[in-house]
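Position in the sequence shown (first residue = 1) + 177 = our numbering.
Ideal Cβ placement from N, Cα and C applies to all residues, glycine included.
Structure record follows, encoded as C-alpha cells.
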Amino acid sequence: MPQKPQVRAKNKRRLTRRLAKWRAQNAAESTSQPHAASAAGATKTDKKAG
C-alpha cells in the first residue's frame, strides 16, 4: 500500500533536519580531520541510498 502524502512529507522533514544537523556536525569536524570526515560521509550516503 502506498504511503500517504502527509506521512511522506513528515518523514522528509525529519530526514532533512537530521541531515542538516549531521552536516553541521561534520563541518565542525572536517577542519581537524578532512579525510576521516569524507570517509564517514561516504558510508552515511551509502546507507541512505540502500
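Inset, instruction - Give the range of the alpha helix (DSSP H) segment to which P182 is assigned. - result: 182 to 207
Inset, instruction - Alpha carbon to alpha carbon, how far is A205 from G227? Give it in angstroms, no decimals. - result: Only weak support is given to the placement of G227: the predicted model assigns it a pLDDT of 45, under 50, and the value that follows is read from those uncertain coordinates. Cα-Cα distance, rounded: 27 Å.
Inset, instruction - Determine whether the Cβ of R195 lies closer than 7 Å to any Cβ atom of chain B. - result: This model lacks chain B altogether; it includes just one protein chain.
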